[in-house]
Amino acid sequence: MSEGRAWGALLVLCIASRLLGAIHYVEDLDSLRFALAVVDYDVARLQPHFPAYPVFCFAAKAIHALTGRYAPAFAVLGGLSTLAILFFTLGLARIRLASPTGLIAAFLLLFNPLLWLMSNRWMPDAMGAAFVLASLWCLGRPERGKAAWGSFIAGLTLGVRLSYAPLLLAPLLFRLREPGRRLHLLGAGAAGAALWLVPLIAVTGWPELVQAAQAQTRGHFTDFGGTLSTEPGVLERWAVIFRSLWADGLGLYWPGRNLLTACTTAALLAVLAAGWRGVAQRLDSGALLGAPVIACLLYLGWIFLFQNVLHKSRHVLPLLPFLALAPAFAGDWIYRQAARWPRVILAVFLCCYGCVTLHLVVQHRGPTAIAQVHRHLAAGETEGLRIVSVPLIKWYLASQDLEAEYIPVESPEDLRAIDPAAAGELVVIGSPLPDREPKAVRTFYHNPYVNRLWPELVVYEY
1 MSEGRAWGAL
11 LVLCIASRLL
21 GAIHYVEDLD
31 SLRFALAVVD
41 YDVARLQPHF
51 PAYPVFCFAA
61 KAIHALTGRY
71 APAFAVLGGL
81 STLAILFFTL
91 GLARIRLASP
101 TGLIAAFLLL
111 FNPLLWLMSN
121 RWMPDAMGAA
131 FVLASLWCLG
141 RPERGKAAWG
151 SFIAGLTLGV
161 RLSYAPLLLA
171 PLLFRLREPG
181 RRLHLLGAGA
191 AGAALWLVPL
201 IAVTGWPELV
211 QAAQAQTRGH
221 FTDFGGTLST
231 EPGVLERWAV
241 IFRSLWADGL
251 GLYWPGRNLL
261 TACTTAALLA
271 VLAAGWRGVA
281 QRLDSGALLG
291 APVIACLLYL
301 GWIFLFQNVL
311 HKSRHVLPLL
321 PFLALAPAFA
331 GDWIYRQAAR
341 WPRVILAVFL
351 CCYGCVTLHL
361 VVQHRGPTAI
371 AQVHRHLAAG
381 ETEGLRIVSV
391 PLIKWYLASQ
401 DLEAEYIPVE
411 SPEDLRAIDP
421 AAAGELVVIG
431 SPLPDREPKA
441 VRTFYHNPYV
451 NRLWPELVVY
461 EY
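Counting from 1, position 295 in the sequence shown corresponds to residue 295 in this note's numbering; the numbering is continuous, with no gaps.
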């Protein structure tokens with residue numbers, strides 16, 4: 001198969017697979033913010049929250065205008081982002097798609113569990129990873145003008161997924177060290193940022209944008225952002241980052257997971273053991289060494305210090321394309337050099353890996369725990385309903401037109417102050433009222449490897 005036909009077939013696969021995995025419900029708070037932003041973009045009302053993601057929201061809004069529905073709009077955007085991730089990952093590694101290495105790498109990325117889930121989520125993470133890889137690829141090219149394009153894309157990346165931008169810091173600094181290029185590169189980066197920042201200021205207003213930026217930045221680093229200053233467990237943070245890469249990112253075994261993930265893990269380790277020479281040869285050739293390695297290490301430090309790694313595995317997404325290359329290199333060596341049994345093990349690994357991902361994608365199409373709570377309460381909605389919950393759950397339910405009297409609580413003392421004997425039906429989400437016996441208790445659950453936010457919610461009805 002020619003290279004062009006291979007990419008054409010991959011384009012169809014990327015979009016078709018994401019459309020098949022599209023989700024038709026609001027799965028969490030962040031997804032709700034971006035869905036609202038497509039209809040009414042308003043940063044002051046946290047639709048979406050700062051840093052506003054204007055490039056992603058514009059692209060989602062444009063596709064939504066054509067489709068008229070959220071699910072296919074975000075799925076198409078996720079499919080195109082997946083294709084871009086594949087293209088620039090293979091470009092960075094200097095691999096042709098129409099080769100054994102390219103085909104194995106494409107399979108590993110197309111069926112990567114976290115990438116597939118995030119490309120169906122109503123969020124900018126997949127698109128942000130695609131922009132980061134595109135910028136890395138351009139910054140690493142020797143051709144005249146390519147570095148400027150990389151800097152321009154880096155400026156655009158700030159309007160797609162700001163928290164991924166630190167991954168580009170090292171490659172940009174390497175290129176800025178070259179004499180006679182600094183003003184050119186800085187100007188290209190400023191142009192990329194201005195392309196979305198100027199319209200954002202015009203739409204939002206400068207005072208409102210500054211106020212939103214200050215409030216969200218202060219909150220992220222000192223209150224709700226899950227940074228090292230607010231969640232200081234050093235060993236726990238590193239352990240969770242490893243789990244995010246190993247289990248969430250690659251679909252491998254972790255205590256409590258399905259045994260199929262254990263088969264995937266054993267087969268992967270066997271593939272790496274049998275094909276280690278292929279990995280070593282690729283590293284000896286200089287592929288991916290230098291700026292990309294330093295970029296990934298700096299990004300690891302960034303998310304360890306300043307991102308909510310304890311509760312959100314999606315922060316490791318830009319690292320997964322690089323991790324996927326190791327089994328691709330090993331698999332290529334096995335395909336070309338090894339005997340029959342290593343090839344059988346490679347086939348077993350790819351089969352188990354794909355099955356784990358497909359299982360998660362099917363589960364993703366079902367509602368998350370918070371979405372199940374919304375459906376349950378909406379189906380039995382009665383006049384005089386009172387709902388007790390934390391403010392974030394209140395906002396999720398109220399934003400989807402669930403009419404009730406909402407009683408926000410943030411501490412056990414708030415729960416003790418609630419009178420269950422007041423008129424109307426009382427529903428408490430999360431924790432029961434102290435010293436009160438509920439009439440009914442319902443538990444709603446989803447697989448935490450599909451979405452880490454609130455995988456289990458208990459509803460107490462009084």
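Beta carbons: idealized from backbone N, C-alpha and C, even for Gly. Please read all numbers here as calculations on a predicted model, not as lab measurements.
Out of A398, S151, P124, W122, state which residue places its alpha-carbon closest to the alpha-carbon of L136. S151
Sequence-distant residues of its chain with Cβ nearer than 7 Å to D30 (five each side left out): M123
Can you tell which of N451, A194, V450, Y460 has its C-alpha closest to the C-alpha of P434? Y460
Can you say whether E437 is buried or exposed, counting buried as having 16 or more other CB atoms within 10 angstroms of its CB? exposed
Whose CA, out of L320, F131, A330, L90, lies closest to the CA of L297? L320
Taking the alpha-carbon positions, what's the R18 to P51 distance? 26 Å
Since I85 and L115 should fall inside the 8 Å C-beta cutoff, what is the C-beta to C-beta distance between them, to a whole number of angstroms? 7 Å
Y164 and G128 closer than 8 Å at C-beta: yes
What is the rounded straight-line gap between the Cα of L209 and the Cα of P48? 12 Å
Would you kindly check if the distance between the Cβ of G430 and the Cβ of V458 is under 8 Å? yes
Per DSSP, E478 forms a beta bridge with which residues? Since the first and last residues shown for the chain are 1 and 462, residue 478 lies out of range.
Residue burial classification, D492 (beta-carbon count within 10 angstroms, cutoff 16): Within the shown structure, residues of the chain are numbered from 1 to 462, placing residue 492 beyond reach of any answer.
Quick one: what does DSSP say Y25 is sitting in, helix, strand or coil? coil
Cα-Cα separation between L310 and S2, rounded to whole angstroms: Approximately 44 Å, taken between the alpha carbons.
Looking at C-beta atoms only, is the number of pairs between the region 70–89 and the region 101–119 that lie closer than 8 Å three or more? Contact holds: three or more Cβ-Cβ distances are below 8 Å.
Can you tell me whether S389 is helix, strand or coil according to DSSP? strand
Mapping the DSSP letters down to three states, classify P408 as helix, strand or coil. strand
Own chain partners of L221 with C-beta closer than 6 Å, once the 5 adjacent residues on each side are dropped: According to the sequence displayed, residue 221 carries Phe and not Leu. The beta carbon of F221 sits closer than 6 Å to those of T227, all from its chain and outside the five residues before and after it, given in chain order.
Cutoff 6 Å; reference A126; Cβ partners in own chain excluding five residues on either side: G78, S81, M118, S119
As a quick exercise: from F74, L197, W276, T443, pick the residue whose alpha carbon is nearest that of Y335. That would be W276, whose Cα lies nearest to the Cα of Y335.
Which complete alpha helix (DSSP H) runs does the region 259–342 hold, if anything under 4 residues is left out? 259–274, 276–284, 291–306, 320–337
Could you check whether L402 and D28 sit closer than 8 Å to each other, using their CB atoms as the reference points? No, Cβ-Cβ distance for D28 and L402 is not below 8 Å.
For E178, does the three-state DSSP call read helix, strand or coil? Reduced to three states, the DSSP call for E178 is coil.
Where does G301 land, buried or exposed, given buried means 16+ other C-beta within 10 angstroms? By the 10 Å Cβ count, G301 comes out exposed.
Buried or exposed, going by whether 16 or more other CB atoms sit within 10 Å of the CB of A130? buried
Excluding sequence positions up to five away, which residues of its chain have a Cβ less than 6 Å from the Cβ of L346? V271, G331, I334
Mind checking which residues open and close the alpha helix (DSSP H) that includes L168? Careful: L168 lies outside any alpha helix (DSSP H) and carries neither H nor E.
Kindly list the residues whose CB is nearer than 7 Å to the CB of K439, restricted to its own chain and excluding five residues on each side of it in sequence; keep chain order. Exclusion of the five residues before and after K439 leaves E461, Y462 as the residues of its chain whose Cβ lies within less than 7 Å of its Cβ.
Return the Cβ separation of A324 and L109 in integer angstroms, given the expectation that the two are a contact with Cβ distance under 8 Å. In this structure A324 is in contact with L109, their Cβ atoms being roughly 5 Å apart against a cut-off of 8 Å.
Thinking C-alpha only, which one of L133, R175, H364, K61 is nearest G91? L133
What separation, rounded to the nearest whole angstrom, lies between the Cα atoms of Q214 and F224? 14 Å
For A73, the nearest candidate out of R121, Q307, V348, T101 (CA to CA): R121
Buried or exposed for L317, going by 16 or more other Cβ atoms inside 10 Å? buried
For Y445, write down the residues that DSSP places opposite it in a beta bridge. E456
Counting C-beta neighbours from all protein chains within 10 Å, is the total for V43 16 or more, i.e. buried, or is it exposed? buried
Return yes when the Cβ of F349 is within less than 8 Å of the Cβ of L268, no when it is not. yes
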